[in-house]
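First comes the structure, then the notes that go with it.
In my numbering, the protein residues as written are 18 to 218.
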């Protein structure tokens, strides 16, 4: 059983945005640890971190503070999500209780690196296996990861390229397994047909 991931037809180069954006996609709810993401991001800016914007894209189930570097879109459709993925510099996953993250898969399919909460064993392992992002377990690690990923021409660019490669390889492997299963089923049916012909001819 597999999970489908839609790859946007066009990806807007992040260089077209004067200020890089961090994109969170999902419910704006305490269970998703969004308050910590807000606090870490605004602290990073207050302490002289690189210029950036934080975008929360999803239905807001709780009231969130306002900040000049933070915006809230509310619920978005697939086209708007594809546009935001194309324009962002990083996709954020702050939840500590995630299983397989579809958002991370969509980010990698859009050639976008991810920064995830390392307290989630699944997200941490997903990031380590894929090479498509980094993880943090404290504010210090969060800030260091942002510095690393947002600097153009450094490892951040390599990770975004790796992100798309991982998705392409995964899809290639899935297609190979599907082909092999179909081939084995077809071959098995031919064997059964031959045995039936030999027995009842």
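Beta carbons: idealized from backbone N, C-alpha and C, even for Gly.
Inset, instruction - Compute the distance between the beta-carbons of residue 76 and residue 36, then report whether it is under 8 Å. - result: No, the Cβ-Cβ distance between residue 76 and residue 36 is not below 8 Å.
Legend entry - Cβ pair residue 79, residue 45 closer than 8 Å: For residue 79 and residue 45, yes; Cβs fall inside 8 Å.
Legend entry - Alpha-carbon spacing of residue 145 relative to residue 151, whole angstroms: If you take the alpha carbons of residue 145 and residue 151, they lie about 8 Å apart.
Legend entry - Cβ contact (3+ pairs, closer than 8 Å) linking the segment 132 to 143 and the segment 113 to 123: Segments in contact, yes.
Inset, instruction - Check residue 92 in the structure and name its three-state DSSP category. - result: The three-state secondary structure of residue 92, taken from DSSP, is coil.
Inset, instruction - Helix, strand or coil for residue 142, going by three-state DSSP, please let me know. - result: DSSP places residue 142 in helix when its eight states are reduced to three.
Legend entry - Residue burial classification, residue 129 (beta-carbon count within 10 angstroms, cutoff 16): The Cβ neighbour count for residue 129, taken over all protein chains shown within 10 Å, is at least 16; the residue is labelled buried.
Inset, instruction - With distances taken Cα to Cα, identify the nearest neighbour of residue 96 among 86, 39, 60 and 74. - result: Its Cα nearest to that of residue 96, the residue 74 stands out among 86, 39, 60 and 74.
Legend entry - Contact under 8 Å by Cβ, residue 120 with residue 108: Yes, the pair counts as a contact, with Cβ atoms nearer than the cut-off.
Legend entry - Rounded straight-line distance, which links the Cα of residue 98 to that of residue 105: Straight-line spacing of the CA atoms in residue 105 and residue 98 works out to 11 Å.
Inset, instruction - Assign residue 143 to one of two classes, buried (16 or more other C-beta atoms within 10 Å of its C-beta) or exposed (fewer than that). - result: It counts as buried.
Inset, instruction - Give me the Cβ distance between residue 160 and residue 61, rounded to the nearest whole Å; I'm assuming they're in contact under 8 Å. - result: Their Cβ separation, rounded to whole angstroms, is 5 Å, which keeps residue 160 and residue 61 in contact under 8 Å.
Inset, instruction - Return the chain-ordered ranges of every alpha helix (DSSP H) run that is complete within the segment 37 to 102 and spans a minimum of 4 residues. - result: The qualifying runs are 51 to 63.
Inset, instruction - Tell me whether residue 81 is buried or exposed, calling it buried when 16 or more other Cβ atoms sit within 10 Å of its Cβ. - result: Classification for residue 81: exposed.
Inset, instruction - With DSSP as the reference, label residue 132 as helix, strand or coil. - result: If DSSP states are grouped into helix, strand and coil, residue 132 belongs with the strands.
Legend entry - For residue 103 and residue 16, the rounded distance between their alpha carbons: The requested residue 16 is not part of the displayed model; the chain covers only 18 to 218.
Legend entry - Within 8 Å, strictly: CB atoms of residue 101 and residue 132: Not closer than 8 Å, so no.
Inset, instruction - Just tell me which of 92, 38, 48 and 93 has its CA closest to the CA of residue 85. - result: Ranked by Cα distance from residue 85, the options 92, 38, 48 and 93 are led by 38.
Inset, instruction - For residue 50, collect the residues of the same chain with a Cβ closer than 7 Å to its Cβ; drop the 5 residues on either side in sequence, then sort them by chain order. - result: Same-chain partners within the cutoff: 111, 112, 113 and 134.
Inset, instruction - Kindly indicate the opening and closing residues of the beta strand (DSSP E) around residue 152. - result: For residue 152, the uninterrupted beta strand (DSSP E) run begins and ends at 150 to 153, by DSSP.
Legend entry - Beta carbon of residue 125 nearer than 8 Å to that of residue 94: Not in contact: residue 125 and residue 94 (Cβ atoms no closer than 8 Å).
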